[in-house]
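First comes the structure, then the notes that go with it.
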Amino acid sequence: MLDRRRFLLGSTLGSLGLLWNQKSAAMGPSKKLDAPLVLSTWDAGLDANRAAWDVLKAGGRALDAVEKGVMVTEDSLNCCVGLGGNPDRDGFVTLDACIMDEQGNCGSVAYLERIKHPISVARRVMEKTPHVMLVGSGAQQFAVSEGFKLESAELSDDAQRSYKQWLERSHYQSPAKNIENKQNQHGPFAPTRLDDGQWNHDTIGMIALDQQGNLSGSCTTSGAGFKMRGRVGDSPLIGSGLYVDNEVGACAATGQGEDIIRIAGSHLVVEFMRNGATPEEACKKAVGRLVSMRKNKIGDIQICFLAMDRTGSFGAFSLRPGFTYAVRSRNEEKIYKSKSWFDQ
Ligand code: GLY
Numbered sequence: 054m055l056d057r058r059r060f061l062l063g064s065t066l067g068s069l070g071l072l073w074n075q076k077s078a079a080m081g082p083s084k085k086l087d088a089p090l091v092l093s094t095w096d097a098g099l100d101a102n103r104a105a106w107d108v109l110k111a112g113g114r115a116l117d118a119v120e121k122g123v124m125v126t127e128d129s130l131n132c133c134v135g136l137g138g139n140p141d142r143d144g145f146v147t148l149d150a151c152i153m154d155e156q157g158n159c160g161s162v163a164y165l166e167r168i169k170h171p172i173s174v175a176r177r178v179m180e181k182t183p184h185v186m187l188v189g190s191g192a193q194q195f196a197v198s199e200g201f202k203l204e205s206a207e208l209s210d211d212a213q214r215s216y217k218q219w220l221e222r223s224h225y226q227s228p229a230k231n232i233e234n235k236q237n238q239h240g241p242f243a244p245t246r247l248d249d250g251q252w253n254h255d256t257i258g259m260i261a262l263d264q265q266g267n268l269s270g271s272c273t274t275s276g277a278g279f280k281m282r283g284r285v286g287d288s289p290l291i292g293s294g295l296y297v298d299n300e301v302g303a304c305a306a307t308g309q310g311e312d313i314i315r316i317a318g319s320h321l322v323v324e325f326m327r328n329g330a331t332p333e334e335a336c337k338k339a340v341g342r343l344v345s346m347r348k349n350k351i352g353d354i355q356i357c358f359l360a361m362d363r364t365g366s367f368g369a370f371s372l373r374p375g376f377t378y379a380v381r382s383r384n385e386e387k388i389y390k391s392k393s394w395f396d397q
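Each position in the sequence shown, counted from 1, maps to that position plus 53 in the numbering used here.
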C-alpha cells in the first residue's frame with residue numbers, strides 16, 4: 054500500500070516536472086543584499102554565521118569566514134555535524150567536509166574519524182597538498198601530521214542513545230525521508246527520530262561573499278546516521294555538496310547525499326546561474342532535474358540547495374517543505390524559509 058502511494062506520488066511529481074520544465078520562465082526572483090554576506094543551511098546556521106560575520110565585517114576573506122563559521126557547528130552537539138553526530142551502523146562517527154575558494158582552489162576529506170574539525174583538514178588538503186581529496190586513514194594520518202589532535206572514538210551521550218535505539222530496531226534502513234529541522238527536546242539541531250523510525254540527517258553548508266567581492270564555500274557533516282560503513286555522501290564532493298565559481302556564484306547542498314550526487318547538484322545550480330537563472334530559479338531547476346530523472350522514486354527523499362550569485366543575490370529551493378537557511382549581512386540576521394517543489 055505504502056509503495057503504491059509512493060509510486061502514485063512520484064508519478065504525479067514526475068509529470069509536474071515535465072510541466073514545470075516548459076514553464077520555467079515563470080519562476081520568482083531571488084533576494085539581494087550588499088556584500089559582505091554569509092548564508093548557511095538550517096536554523097543552526099545562525100550561530101555559524103555569527104562566527105563567519107566576525108571575519109567578514111573586519112574585511113576578512115570569505116574563505117576564512119566559511120571555515121570559521123562551520124567550525125562552530127562542528128564544535129556543537131548535534132546529530133549530524135562533527136564528532137557528536139550519529140555513527141555509522143557499526144558505531145563509528147565518520148566525517149565528510151569540503152571547502153572551495155574564489156580561485157577554484159578546493160580541498161576535501163571523507164570518511165575521516167576522530168578529528169574534531171574536518172573542515173580545517175579539508176583546507177589543509179587544499180593549501181598543503183597537490184591533491185583535492187583525502188579519505189579514511191590517509192586523511193587522518195595527514196591531519197595528525199598537520200598537528201590535529203586524535204580525539205576519543207567514544208560516542209556523545211545523545212549519539213550513544215540514538216545508536217542503541219537504532220540497534221534495538223535491529224535492521225538497517227537506508228535513511229529515507231529527510232524531514233530535517235524537526236525540533237525535539239534537545240533543541241532544533243539535535244538527534245531526532247522520526248515517527249516511522251527513520252532517522253534525520255543534516256549538513257551545514259555555508260557560502261559567503263566578502264568585501265572584496267570574492268566568494269567561498271564550505272560544507273561539513275557526519276553524513277546519514279547509521280549509514281553503511283564506508284558510505285560517503287555529497288558533502289565532501291566538490292560539485293555535489295558545494296561549488297564556487299567566482300565569476301558566477303556559489304551553491305551548497307543538504308539532504309539525501311546520494312540524490313545530490315546523482316545530479317552533481319551544486320555544480321548544476323551554478324551552471325544554471327551562469328546561463329541566466331536567478332539563484333532561486335537555479336536551485337529550483339536542479340530540484341526539477343532530479344524529479345524528472347527519478348520520477349516515482351522521489352517519494353522517499355529530500356534535497357535542498359542554497360545559492361548566491363556574485364552580486365549578493367541569493368535564494369534556495371528544496372524538494373520537500375521544511376528547509377530553512379540563515380542569512381547574515383550588515384543589516385540583516387534572519388532565518389528564511391525555502392520554497393519547495395511540494396509547495397507548488
Ligand atoms: N548531505 C549529507 C549526506 O547525505 O551525507
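Using N, Cα and C, we set each Cβ at its ideal position, and we do this for glycine too.
Assigned exposure category for residue i - 16 Cβ within 10 Å defines buried
i	result
Ala-150	buried
Pro-140	buried
Arg-342	buried
His-184	exposed
Gly-122	buried
Arg-222	exposed
Arg-347	buried
Gln-193	buried
Gln-397	exposed
Ile-388	exposed
Lys-392	buried
Ser-366	buried
Gly-329	exposed
Lys-169	buried
Glu-204	exposed
Ser-190	exposed
Glu-120	buried
Lys-338	buried
Own chain partners of residue i with C-beta closer than 6 Å, once the 5 adjacent residues on each side are dropped
i	result
Val-340	Phe-370, Leu-372, Trp-394
Leu-116	Asp-154, Ser-269
Gly-135	Glu-127
Ala-206	Arg-167
Val-301	Val-323, Met-326, Arg-327
Residue of the options minimising C-alpha distance to residue i
i	options	result
Met-179	Glu-333, Tyr-164, Ser-319, Gln-156	Gln-156
Arg-327	Ala-305, Thr-307, Asn-299	Asn-299
Trp-219	Lys-169, Gly-144, Lys-202	Gly-144
Arg-114	Ile-388, Ser-345, Thr-364, Ile-260	Ile-260
Ile-356	Phe-325, Val-344, Arg-363, Thr-273	Val-344
Thr-274	Arg-103, Asn-267, Thr-94, Glu-385	Thr-94
Arg-284	Lys-169, Gly-135, Tyr-164	Tyr-164
Arg-423	Trp-106, Gly-160, Asp-100	The requested residue 423 does not occur in the structure, where the chain is confined to residues 54 to 397.
Thr-364	Gly-266, Glu-166, Asp-128	Gly-266
Ala-196	Gly-310, Leu-290, Gly-160	Gly-160
Met-124	Thr-147, Leu-290, Cys-132, Gly-98	Gly-98
Ala-303	Ala-212, Asp-100, Leu-321, Cys-133	Leu-321
Leu-148	Thr-256, Ala-118, Arg-103	Thr-256
Cys-133	Ser-319, Gln-309, Val-188	Gln-309
Ile-314	Lys-202, Asp-287, Thr-307	Asp-287
Tyr-296	Asp-96, Asp-100, Ala-118, Ile-152	Ile-152
Asp-96	Pro-289, Thr-307, Pro-171, Ala-118	Thr-307
Own chain residues within Cβ distance below 7 Å of residue i, not counting five before or after
i	result
Arg-142	Tyr-225, Phe-279, Lys-280, Met-281, Arg-282
Gly-368	Ser-83, Lys-84, Thr-331, Pro-332, Glu-333, Cys-336, Ala-360
Ala-317	Gly-292, Ser-293
Ser-209	Leu-130, Gly-137
Gly-240	At Gly-240 the pLDDT is 34, less than 50, meaning the model places this residue with poor confidence and gives no usable figure here.
Asp-362	Val-301, Gly-302, Met-326, Pro-332
Pro-374	Ser-393, Phe-395, Asp-396
Nonlocal neighbours in the same chain, by C-beta distance under 8 Å from residue i, ignoring five residues either side
i	result
Glu-199	Val-174, Arg-177, Lys-181
Asn-158	Met-179, Glu-180
Gln-264	Ala-88, Pro-89, Leu-109, Gly-112
Lys-390	Phe-376, Thr-377
Ala-212	Cys-132, Gly-137, Gly-138, Asn-139, Pro-140, Val-146, Pro-244
Asn-102	Val-91, Leu-92, Ser-93, Gly-122, Met-259, Ala-379, Val-380, Arg-381, Glu-386
Phe-201	Ile-168, Lys-169, His-170, Ser-173, Val-174
Limits of the alpha helix (DSSP H) - the one that residue i falls within
i	result
Arg-142	Note, Arg-142: premise wrong, no alpha helix (DSSP H); not H, not E.
Val-146	Segment: none, Val-146 is in no alpha helix (DSSP H) and carries neither H nor E.
Arg-176	171 to 181
Asp-287	Asp-287 -> no alpha helix (DSSP H), and no H or E assigned at all.
Ser-215	210 to 222
Cys-336	332 to 347
Glu-120	115 to 128
Leu-165	Note, Leu-165: premise wrong, no alpha helix (DSSP H); beta strand (DSSP E) at 159 to 165.
Lys-385	One detail in the question is off: residue 385 reads as Glu in this sequence, not Lys. Glu-385 -> no alpha helix (DSSP H), and no H or E assigned at all.
Continuous beta strand (DSSP E) stretch holding residue i: start and end
i	result
Ala-305	302 to 308
Asp-18	Only positions 54 to 397 of the chain appear in this structure, which leaves residue 18 out of reach.
Thr-377	377 to 382
Ser-93	90 to 94
Met-281	No beta strand (DSSP E) holds Met-281; DSSP gives it neither H nor E.
Gly-270	268 to 274
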